[in-house]
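J.: Please find one structure pasted underneath; my questions will follow.
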Amino acid sequence: TPCVCQARLCSMGGILTLPPGQGPHPVGCTDVMVGHTRQGLFLRLFYPCLARAGAAEPLWIPRPEYCGGLAGATLGRRWGSALLSIAIGSCKVPVGWNAALKPCSAGYPLIIFSHGLGTFRTLYSAICTELASWGFVVAALEHRDHSAATTYFCTAEAVEEWIPFQRVPQGQKEFYFRNKQVHQRARECVRALRLFQGIAGGRAVPSILPQGWDLSVLKDNLDLTKVAVMGHSFGGVTAVLALVKEPSFRCAVALDAWMFPLENLLYPEVPKPVLFINTEKFQTPESVAKMKRLSSRNGQTRIVTVLGTVHEDQTDFAFLPGKLFSCIFGRRGTLDPHKALAITSQAALAFLQRHL
Numbered sequence: 071t072p073c074v075c076q077a078r079l080c081s082m083g084g085i086l087t088l089p090p091g092q093g094p095h096p097v098g099c100t101d102v103m104v105g106h107t108r109q110g111l112f113l114r115l116f117y118p119c120l121a122r123a124g125a126a127e128p129l130w131i132p133r134p135e136y137c138g139g140l141a142g143a144t145l146g147r148r149w150g151s152a153l154l155s156i157a158i159g160s161c162k163v164p165v166g167w168n169a170a171l172k173p174c175s176a177g178y179p180l181i182i183f184s185h186g187l188g189t190f191r192t193l194y195s196a197i198c199t200e201l202a203s204w205g206f207v208v209a210a211l212e213h214r215d216h217s218a219a220t221t222y223f224c225t226a227e228a229v230e231e232w233i234p235f236q237r238v239p240q241g242q243k244e245f246y247f248r249n250k251q252v253h254q255r256a257r258e259c260v261r262a263l264r265l266f267q268g269i270a271g272g273r274a275v276p277s278i279l280p281q282g283w284d285l286s287v288l289k290d291n292l293d294l295t296k297v298a299v300m301g302h303s304f305g306g307v308t309a310v311l312a313l314v315k316e317p318s319f320r321c322a323v324a325l326d327a328w329m330f331p332l333e334n335l336l337y338p339e340v341p342k343p344v345l346f347i348n349t350e351k352f353q354t355p356e357s358v359a360k361m362k363r364l365s366s367r368n369g370q371t372r373i374v375t376v377l378g379t380v381h382e383d384q385t386d387f388a389f390l391p392g393k394l395f396s397c398i399f400g401r402r403g404t405l406d407p408h409k410a411l412a413i414t415s416q417a418a419l420a421f422l423q424r425h426l
């Protein structure tokens, strides 16, 4: 009941412990915002960094406004905002904030990551950190199609304009609303790739956030012949569509993809291999049938299911205490979240190493 949940939330300050990356590289992290309109980009960048003792760690929930957005979008109850701030507002991500990039003469491969419905750029920090620790630069987008719990951009006059989460408008068919969103999301993935292509080509790209990280250090440290697109749920189908829109994406990793918003006409157009990593409880037979349509057209496409997992196990929410997780999302998976993350990341890494 809400009262019991509220009591648990209030008694659990700083209760989320995210795992550090298991790979050989320490991981750094910074936020990047470019452009003064909705057509700009906002992302959190995870990358191999130079180790530094006592490096500051970023907040998992970057600002209080995101607790409000999360309470409204995920919990469907505004009362959760202040309580969420108490429970998870002080949680940190175990990465070095604005840490120095570790140079790599061969260049790091790049992954563009797309979040799910009602989430935002920081809620996949565990998987993004893990991939970066194995030598990837990961750009976790925050989409501006009203599918994020909330997000914002800064106008040329330095005014913050917030873009709230939006449910399907009354009287509108969900498919048409979501289909428009997934196309915008895929275009944002392509724009993110263009941003990094510009940086690699020597273009100066000032980030408009205060204390920004100098993006020009990426210039000689990316291998943009090796680019993948990845995402969870709504982000999973976004990754599939991005393959259609941009030939530079060599492959996609789709975590528990929500296939519903993609029009049937596009299935024959998906040109590259996809790794679908599904949880046990989320997928419908119709959704799996759509994945099988893709695998029948591309012999390199793979569909795997991680038993004992639920949809939220592929987000950072998996690392909440069990009772709090159950309060918010219902029944949790039986597989330990650290094991689930290890299985997911190892499968993704093997696939990426084969296809990049």
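Counting along the sequence shown from 1, when you hit position 326 you're at 396 in my numbering, and nothing is skipped either side. Backbone N, C-alpha and C fix where the C-beta goes; we use that ideal spot for every residue, glycine too.
(1) Which residues mark the beginning and the end of the alpha helix (DSSP H) in which Leu263 is found?
(2) If you draw a straight line from the alpha carbon of Ser160 to that of Trp130, how long is it in whole angstroms?
(3) Taking Phe247 as the reference, which of Phe399, His216, Ala176 has the closest Cα?
(4) Using the Cα positions of Trp149 and Lys351, report the straight-line distance between them to the nearest angstrom.
(5) Tell me whether Ala157 is buried or exposed, calling it buried when 16 or more other Cβ atoms sit within 10 Å of its Cβ.
(6) Write down every uninterrupted run of the alpha helix (DSSP H) in the segment 388-416 whose length is 4 residues or greater and which is fully enclosed by it, in chain order.
(7) Please work out which residues of its chain come closer than 7 Å, Cβ to Cβ, to Arg122, disregarding the five sequence neighbours upstream and downstream, and give them in chain order.
(8) Start and end of the beta strand (DSSP E) containing Phe346?
(9) Measuring CA to CA, which of Lys362, Arg402, Lys393, Arg367 is closest to Gln384?
(10) Does DSSP classify Val374 as helix, strand or coil?
(11) Verify the contact flag: Pro341, CB atom, against every heavy atom of the ligand SAH, threshold strictly below 7 Å.
(12) Which residues in the same chain have their Cβ closer than 8 Å to the Cβ of Trp232, if we skip the five residues on either side of it in sequence?
(13) I need the straight-line Cα distance from Gln423 to Thr87, nearest angstrom please.
(14) Are Glu230 and Phe112 close, meaning C-beta to C-beta below 8 Å?
(15) Measuring CB to CB, does Leu411 end up less than 8 Å from Glu200?
(16) Along the chain, where does the beta strand (DSSP E) containing Arg114 start, and where does it finish?
(17) Using the DSSP secondary-structure output, state which residues sit across from Leu211 in a beta bridge.
(18) What distance in whole Å lies between the Cβ atoms of Ser303 and Val102, which are believed to be in contact at a cut-off of 8 Å?
(19) How big is the Cα-Cα spacing for Ala143 and Leu193?
(20) Quick one: grab the DSSP three-state call for Leu140.
(21) Per DSSP, which residues does Tyr222 bridge with? Please list them.
(22) Roughly how many angstroms lie between the CA atoms of Val252 and Arg108, to the nearest whole one?
T.: Based on what the coordinates show:
(1) 244-270
(2) 8 Å
(3) His216
(4) In this prediction, Trp149 scores a pLDDT of 49, lower than 50, which makes its location untrustworthy; no coordinate-derived value is stated.
(5) buried
(6) 392-399
(7) Gly166, Ala169
(8) 344-349
(9) Residue Arg402 holds the alpha-carbon nearest to the alpha-carbon of Gln384 among Lys362, Arg402, Lys393, Arg367.
(10) strand
(11) Among the components of this structure there are no ligands whatsoever, and the ligand SAH is therefore not found.
(12) Glu135, Thr220, Thr221, Tyr222
(13) 29 Å
(14) No. Outside cutoff.
(15) Yes.
(16) 111-118
(17) Answer is Leu113, bridged to Leu211.
(18) About 23 Å separates the two Cβ atoms, so there is no contact after all.
(19) Going by C-alpha positions, Ala143 is about 14 Å away from Leu193.
(20) helix
(21) In the DSSP assignment, Tyr222 forms a beta bridge with Trp232.
(22) 16 Å
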